[in-house]
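Participant: One structure coming up, written as structure tokens, with questions to follow.
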Amino acid sequence: MKNLTLKQLRYFEALARDGRFRRAAEACAISQPALSMQIKELEQELGSELFERSAREVKLTAFGQTFALKVREILRGVDELGELARASRHSFLSRLRVGIIPTIAPYLLPIIINDLNETFAGIQIEVRETQTAKLVHELTQGQLDTAIVALPVSEPSLTELELFKEEFVLVRRPEDEGKPVPEREALREMRLLLLEEGHCFRDQALSFCKIGSARPREVMEGSSLSTLVQMVSAGIGITLIPEMAVPVETRSAQVSISRFQSPQPSRTIGMVWRNSTPMAKQLLQVSEAVRRSADIMRERQLAR
């Protein structure tokens, strides 16, 4: 296989991931005919077909699936070599691909970016906002450098670093202000508004309220914390939100905010990155920026 190239492997991985020539070609910034030719040349070099082709999509053959696993390992290794070279040339970051979950991003991310721009002059920051499971997958695949999530993620190939803890608050109608805060057992009997499945914050709220899959009818779902708070304002139910979300999500909603008595529901926010990354030193510097940003956010909330 003298003619096998990294470019071909990247083209193959893009098509294996997207399943459509058009999207893969766009991702690789080449034309569809050029991509098709590269894939055919790769199959000829290997002496075996990698894809089953149809009019609408392509699917990996059994050999293609095995080949894809190896290709992704190779590409991750190549990317890490590039990271190692950058880390050896610079004590600072020039590029950071960071993932962040939706229940943190709108409130903390702007402060983090400002801090990073001051700490690492000229840094290029690429942000990916999605749920924890997707961030962990993309991180292990080498598509991200780090992610800011609620811990633990329990992935053996990732390093976890705790940064700070954050409490949850109860959001109720305005007329409930000053009323006793329900015990968590009592919350099970109320109409509880939660994020859709897949959000770790949903699981944390259910755990605190001791609600399992046996009581699904008392739970209503929303796609964002903003939607949940507006639903409370409309009198549909109650919800829990992280403390950092209060200033943003309640400024246009008629609701009241209450704090729980001990034990207070909370979550641990941290950063995760691959055990094998050569950027560990720089990522520790990023973690300090995240800590500083959380402190700034709390100071702003206390000043209100």
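Residue 9 is where the sequence shown starts when you use my numbering, and the numbers rise one by one after that. All C-beta atoms, glycine included, are put in the ideal place defined by N, C-alpha and C.
(1) What residue from Ala22, Cys36, Arg306 and Phe268 has the CA that sits closest to Leu178's CA?
(2) At the level of alpha carbons, what is the spacing between Leu310 and Ile304?
(3) Could you check the C-alpha separation between Glu205 and Lys15 for me, to the nearest Å?
(4) For Ala261, collect the residues of the same chain with a Cβ closer than 6 Å to its Cβ; drop the 5 residues on either side in sequence, then sort them by chain order.
(5) Among all the DSSP beta bridges, which residues are the ones paired with Ile121?
(6) Quick one: grab the DSSP three-state call for Gly186.
(7) Leaving out the 5 sequence neighbours to the left and right, which residues in its chain are closer than 8 Å to Cys36 when beta-carbon positions are compared?
(8) Would DSSP call Pro250 helix, strand or coil?
(9) What three-state label does DSSP hand Arg225 in the structure shown?
(10) Which residue spans inside the region 143–199 form an unbroken beta strand (DSSP E) run of at least 3?
(11) Whose CA, out of Cys208, Val263 and Gln293, lies closest to the CA of Leu171?
(12) Nearest by alpha-carbon distance to Ala129: which of Ser102, Ala141 and Gln149 is it?
(13) Leaving aside the five residues before and after Arg299 along the sequence, list all residues of the same chain whose C-beta is less than 6 Å from its C-beta, in chain order.
(14) What residue range does the alpha helix (DSSP H) around Phe216 cover?
(15) Opposite Met279 in the DSSP bridges: which residues?
(16) Could you give the distance in angstroms between the alpha-carbon of Glu296 and the alpha-carbon of Asp87?
(17) If contacts are defined as beta-carbon pairs under 8 Å, then Arg25 and Thr148 qualify, I think. What distance do you get, rounded to the angstrom?
(18) So, helix, strand or coil for Leu1, using DSSP?
(19) Where does Ser301 land, buried or exposed, given buried means 16+ other C-beta within 10 angstroms?
(20) Can you tell me whether Gly55 is helix, strand or coil according to DSSP?
(21) Rounding to the nearest angstrom, what Cα-Cα distance links Leu46 and Glu134 in this structure?
(22) On a Cα-Cα basis, can you pick out the residue from Val144, Thr285 and Arg308 that is closest to Leu330?
(23) Residues in the same chain with beta-carbon distance under 8 Å from Ile131, minus the five sequence neighbours each way, listed in chain order, please.
(24) Relative to the alpha-carbon of Thr276, which residue among Cys217, Glu251, Val79 and Arg61 has its alpha-carbon at the smallest distance?
(25) Would you mind reading off the limits of the beta strand (DSSP E) that contains Glu307?
(26) Let me check understanding here. Comparing Cα to Cα, which of Leu54, Phe59, Glu193 and Leu12 lies closest to Arg28?
(27) Which residue wins for smallest C-alpha separation from Gly150, given the options Val106, Phe75, Lys187 and Ser39?
Facilitator: According to the structure data:
(1) When each option's Cα is compared against that of Leu178, the closest is Phe268.
(2) Approximately 10 Å between the Cα atoms of the pair.
(3) The C-alpha of Glu205 lies about 38 Å from the C-alpha of Lys15.
(4) Its chain contains Val237, Gln238 and Ser241 as the residues whose beta carbon lies nearer than 6 Å to that of Ala261, once the 5 sequence neighbours on both sides are disregarded; these appear in chain order.
(5) DSSP lists no beta-bridge partner residue for Ile121.
(6) Note: Gly186 maps to coil in three-state DSSP.
(7) Answer for Cys36: Arg18, Tyr19, Ala22 and Leu43, listed in chain order.
(8) Collapsing the DSSP output to three states places Pro250 in a strand.
(9) In this predicted model, Arg225 has a pLDDT of only 48, less than 50, meaning its place in the structure is not dependable; the value taken from the coordinates is given anyway. Secondary structure at Arg225: helix, using DSSP grouped into helix, strand and coil.
(10) Counting only unbroken stretches of 3 or more residues, the beta strand (DSSP E) elements lying wholly within the region 143–199 are 154–159 and 166–180, in sequence order.
(11) Of the candidates Cys208, Val263 and Gln293, the one whose C-alpha sits nearest the C-alpha of Leu171 is Gln293.
(12) Considering only alpha carbons, the answer is Ser102.
(13) Only Leu171 meet the Cβ criterion.
(14) Element bounds for Phe216: Cys208 to Cys217.
(15) Per DSSP, Ile156 and Leu169.
(16) Rounded to whole angstroms, Glu296 to Asp87 spans 25 Å at the Cα level.
(17) Not confirmed; about 14 Å, so no contact.
(18) Absent from the structure is residue 1, since the part of the chain shown begins at 9 and ends at 312.
(19) The residue in question, Ser301, is buried, as its Cβ has 16 or more Cβ neighbours within 10 Å.
(20) It is coil, neither helix nor strand.
(21) The question names Leu, but residue 46 in the sequence shown is Gln. Gln46 and Glu134: Cα-Cα distance of roughly 29 Å.
(22) For the chain, the structure presents residues 9 to 312; residue 330 sits outside this window and is missing.
(23) Within the same chain, Ile131 has close Cβ partners Phe100, Leu101, Ser102, Arg103, Leu104, Leu124 and Asn125.
(24) Of the candidates Cys217, Glu251, Val79 and Arg61, the one whose C-alpha sits nearest the C-alpha of Thr276 is Glu251.
(25) Note, Glu307: premise wrong, no beta strand (DSSP E); alpha helix (DSSP H) at Ala288 to Ala311.
(26) Closest option to Arg28, Cα to Cα, is Phe59.
(27) Relative to the Cα of Gly150, the nearest Cα in the group Val106, Phe75, Lys187 and Ser39 belongs to Val106.
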